[in-house]
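Report on the structure given below.
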Amino acid sequence: MPLPEALSPHFTALPRSMKLFSALVCVVLTAQQVFAHYRFLGINGSGDYQQYDNYYSNGPVTNVASSDIACNLGAIARTTGTLTVAAGSTATFNVPNGISHPGPLLWYMAKAPGSVNGWNPSGNVWFKIAQTGATFSGGTMSWPSSGLSTVSVRIPSSISAGEYLLRVEHIAVHSAGSSGGAQFYISCAQLKVTGGGSASPGPLVAFPGAYKATDPGILINIYYPVPTSYTPPGPSVWSG
C-alpha cells in the first residue's frame, strides 16, 4: 500500500531509513542573481534525518559520459538503512522548492545482487519504470513535471523481491540547444521490495552508457521552432 510522503527542507539532512544521493543546483534566473534550487529529498514519510556529504559541487550533472550520471555528483555509497516498500506501492520524493525548469521526469530501478548497501550499480543493471515527457496543444509545448513539489512513481508489481536502487531524474532542457546544455538532476534511494513476482525487467542499460549527448531528447531547442514531438532519452519503459 502507498506510504505517506515526507518533507525535508534542510540542505544537510536525509532520511535515516534510506540512502539518497542528491545535488543542489544553482541556476541564475535574473540579472538580480535570483537562484532556482531543486533537489529530490525525503521519501515516503521517513522522519529521521542524518548528515550527508554525497556531492562535491552545487551544479547539475551535464556530462552523460561521467560516472556522476548514475546517482549524481560524487555520489557516495553509504552504509545506511534501506527503506522497505511493497511491490505495487508508490514511492514519493519531495522537491522542496519545486521543479523550476522545463524537461522530462524519468524513473529507473536497478536490482542489487545481494545487499544494496555499498553496491556500485555498474554495467547493464538499470531498467526504466516510468517517464513523463512533454505535451503539445495549439502550437505550444508544455511539461507536466514543471512546478511539482512532490514526484511519485509506482513500484512495478511483478518485479521480484529484493534490494534495489530507485533512481529519479529530471532533465532540464531550457539550455539544451547546444551540446552539454541539458542539466540532469538525479537522486537514488535504497529500497527493499517485498512481495512481487518473478518477472525479468528490461531492457537493461548502464549509467553511463544509456545516453548520448546528441540524443534528440537531450540535444533540443525547445523555443524556436517549437517542437511538435518529444521522446525522452534512454530505453523504453518496462511495463511490469
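Just add 4 to wherever you are in the sequence shown, counting from 1, and you've got the numbering used here. Quick reminder that beta carbons are idealized off the backbone N, C-alpha and C, glycines included. Remember, predicted model here, so these are calculated numbers, not experimental data.
Where residue i sits in the DSSP three-state scheme
| i | result |
| --- | --- |
| I175 | strand |
| A138 | coil |
| I163 | strand |
| A74 | helix |
| Y189 | strand |
| V89 | strand |
| K132 | strand |
| A203 | strand |
| W111 | strand |
| K216 | coil |
Contact belief for residue i with residue j at Cβ below 8 Å, rounded distance in angstroms
| i | j | result |
| --- | --- | --- |
| P160 | A91 | 7 Å |
| P108 | G137 | 5 Å |
| V177 | P106 | 6 Å |
| A193 | L87 | 7 Å |
| L110 | G238 | 7 Å |
Given residue i as reference, the closest of the options once Cα atoms are compared
| i | options | result |
| --- | --- | --- |
| L170 | K216, A74 and Y215 | A74 |
| S162 | P64, T86, A203 and E173 | A203 |
| A165 | G118, V172 and E173 | G118 |
| S141 | P231, V89, N121 and E167 | P231 |
Contacts around residue i, its chain only, beta-carbon distance under 8 Å, and the 5 residues preceding and following it disregarded
| i | result |
| --- | --- |
| P212 | V68, A69, S70, S71, I73 and A74 |
Own chain, CB closer than 6 Å to residue i, minus 5 neighbours either side, in chain order
| i | result |
| --- | --- |
| G181 | N225 |
| F97 | F44, I47, V155 and V172 |
| G102 | G151 and S153 |
| A114 | P125, V129, W130 and L169 |
Same chain only: Cβ atoms within 7 Å of residue i, ignoring 5 sequence neighbours per side
| i | result |
| --- | --- |
| L208 | N128, V129, W130 and F131 |
The stretch 175-186 contacting the stretch 221-229, beta-carbon criterion three pairs below 8 Å: In short, these stretches touch, since the Cβ pair count reaches three.
So does the stretch 144-157 actually touch the stretch 196-206, counting three or more Cβ pairs closer than 8 Å? Contact between the stretch 144-157 and the stretch 196-206 is absent, because fewer than three Cβ pairs lie under 8 Å.
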